[in-house]
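**Q** Numbering-wise, the sequence shown is residues 21 to 304 according to this note's numbering. The beta-carbon is built from N, C-alpha and C at its ideal position, and this holds for glycine as well. Before I ask anything, let me first share the structure, which is written out below as structure tokens.
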Amino acid sequence: MAVLLVNPAWAAEDFMLTVSSLSEYKEGEHSVISGKTMTLDERPVADVQIHVYFPSGIIKTVTNSTGQFLVTSPGILEIGEYDTTVSAKKDNKYTNAEIAYRVVEYKAKNIQTLEPEIDPPKTTDGKVELDPFSKMIQELEKQKTQEVKRETDIKEQQEIGEKRRLAQLDLQNDLKESEKQNEVNSPRNVFYRFIQEIDSSVRGIFWQQFLFTEKITQQAQEAKEKALLDGKSSLEATKIFQDEAAVTQKEVMDVNKNLSIKYGNATSGVQNMFDENGKLPRED
21 MAVLLVNPAW
31 AAEDFMLTVS
41 SLSEYKEGEH
51 SVISGKTMTL
61 DERPVADVQI
71 HVYFPSGIIK
81 TVTNSTGQFL
91 VTSPGILEIG
101 EYDTTVSAKK
111 DNKYTNAEIA
121 YRVVEYKAKN
131 IQTLEPEIDP
141 PKTTDGKVEL
151 DPFSKMIQEL
161 EKQKTQEVKR
171 ETDIKEQQEI
181 GEKRRLAQLD
191 LQNDLKESEK
201 QNEVNSPRNV
211 FYRFIQEIDS
221 SVRGIFWQQF
231 LFTEKITQQA
241 QEAKEKALLD
251 GKSSLEATKI
261 FQDEAAVTQK
271 EVMDVNKNLS
281 IKYGNATSGV
291 QNMFDENGKL
301 PRED
């Protein structure tokens, strides 16, 4: 019959650690390790970080208000002998302990069923007081339920994140496809087809005028998008767009003047004859 194995206490400067477990398990079972942290004068130490290094994985927990903890191995046991290390850490104080157990082959036996003798549970102030083993099972079931819920929550969040990523990817693909389909009808392409039908002597002027307008519009759109990112309202961002897109009469006149000279439709001497309002001086 398996017995409870208790290691000697392992002490850090401010607290000591004791651990216990069954000395023997059957294959296919989970090992259960419990322990306690206390000061040298046997006062419990709570909130100690506990790491239990099972062969099937590491389990992390903390001690409760009475300095106790209880963990179960993440994987089922296989036949063999095992040493499991338990480490405890709090406020830069560290200690560890090792506990050994063996796992034997499970053999089913035909055992005559006898009605078990059950001692009546102890009561304290009218409340049923659970025995240590029942408390251990209850705590184990609670930890399993919490772990299942945590894993379910993580899986749901991962699924939501993946759905959002795929939806965003589909949206970007749809936008690219839409842009590709409508590219022929973009303002630039439509205007370019238009100027192919006008006299070649002024075609370059028309195209440069369009590029000037396109540049002003793009700068205004970028200013609007930046305003929205900075937290401004849609109305405020639209006002910024309008201000950035505004062009003065003088700017338009200067552009047309330079283009006329560049493409040989006028000389600088002729252009300089026009006043600031774009008119020729009157001769009385």
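(1) Within 10 Å of its beta-carbon, does K46 have 16 or more other beta-carbons around it, so buried, or fewer, so exposed?
(2) Can you find at least 3 beta carbon pairs, one from the segment 228 to 245 and one from the segment 265 to 279, that sit closer than 8 Å?
(3) Anyone know if the C-beta pair for L97 and E159 falls short of 8 Å?
(4) Can you tell me whether DSSP reads N116 as helix, strand or coil?
(5) Can you confirm whether the segment 270 to 278 touches the segment 210 to 219 when touching is taken to mean that 3 or more C-beta pairs between the two stretches lie within less than 8 Å?
(6) Please go through the same chain and pick out, in chain order, the residues whose beta-carbon is closer than 8 Å to the beta-carbon of K124, but skip the five residues on each side of it.
(7) Using 10 angstroms around the beta-carbon of L279, count the other beta-carbons present and answer buried if the total reaches 16, otherwise exposed.
(8) Relative to the alpha-carbon of K113, which residue among I236, L195, M58 and A187 has its alpha-carbon at the smallest distance?
(9) Secondary structure at M58, three-state DSSP: helix, strand or coil?
(10) Just the Cα atoms here: how many angstroms apart are S306 and I53?
(11) So, under 8 Å CB-CB, V106 and G87 are touching, yes? Tell me the CB distance rounded to an integer number of Å.
(12) If distances are taken between C-alpha atoms only, which option among V91, N292, G95 and V72 comes closest to T104?
(13) Using only alpha-carbon positions, find the residue among K164, V82 and I260 that is nearest to T237.
(14) Taking the alpha-carbon positions, what's the P152 to L90 distance?
(15) Identify the continuous beta strand (DSSP E) that holds S107 and give its terminal residues.
(16) With a threshold of 8 Å on Cβ separation, who are the neighbours of I78 within its own chain once the five nearest residues in sequence on each side are excluded?
(17) In the DSSP output, what is P64 paired with across the bridge?
(18) I'd like the span of the beta strand (DSSP E) that includes K259, first residue to last.
(19) So, V305 versus F35, is the Cβ gap smaller than 8 Å?
**A** Answer, in terms of the structure:
(1) Locating residue 46 in the sequence shown gives position 26, where the first residue counts as 1. Exposed.
(2) yes
(3) As a working note, residue 97 is residue 77 in the sequence shown. As a working note, residue 159 is residue 139 in the sequence shown. No, Cβ-Cβ distance for L97 and E159 is not below 8 Å.
(4) As a first step, residue 116 must be located in the sequence shown, where it is residue number 96. Correct three-state label for N116: strand.
(5) no
(6) Translated into positions along the sequence shown, residue 124 becomes position 104. Here the sequence assigns Val to residue 124, which means Lys is not the residue at that position. Closer than 8 Å at the Cβ level, and outside the excluded window around V124, lie E44, Y45, K46, E47 and I99.
(7) Here residue 279 refers to the residue found at position 259 when the sequence shown is read from its first residue. The residue is buried, with at least 16 neighbouring Cβ atoms inside 10 Å.
(8) What you label residue 113 is simply residue 93 of the sequence shown in a count that begins at 1. With distances taken between Cα atoms, K113 lies closest to M58.
(9) By one-based count along the sequence shown, residue 58 stands at place 38. Here M58 sits in strand by DSSP.
(10) Here the chain covers residues 21 to 304 and nothing more, so residue 306 does not appear.
(11) Position 86 of the sequence shown, counted from the start, is the residue given in the question as residue 106. Position 67 of the sequence shown, counted from the start, is the residue given in the question as residue 87. Actually they are not in contact, since the Cβ atoms of V106 and G87 sit about 14 Å apart, beyond 8 Å.
(12) Reading the sequence shown from its first residue, position 84 is the one you call residue 104. Cα-wise, what sits closest to T104 is V72.
(13) Taking the first residue of the sequence shown as 1, we reach residue 237 at position 217. Looking at the Cα atoms, I260 is the closest of the given residues.
(14) Here the question's residue 152 lines up with position 132 in the sequence shown. Here the question's residue 90 lines up with position 70 in the sequence shown. When rounded, the distance between both Cα atoms is 12 Å.
(15) Your numbering for residue 107 matches position 87 in the sequence shown. S107 -> beta strand (DSSP E) spans G100 to K110.
(16) Translated into positions along the sequence shown, residue 78 becomes position 58. Correct list, in chain order: H71 and V72.
(17) For this step, residue 64 is matched to residue 44 along the sequence shown. BP columns for P64 point to M58.
(18) Looking up residue 259 in the sequence shown gives position 239. Note, K259: premise wrong, no beta strand (DSSP E); alpha helix (DSSP H) at S254 to A265.
(19) This structure gives no information on residue 305, because the portion of the chain shown stretches from 21 to 304.
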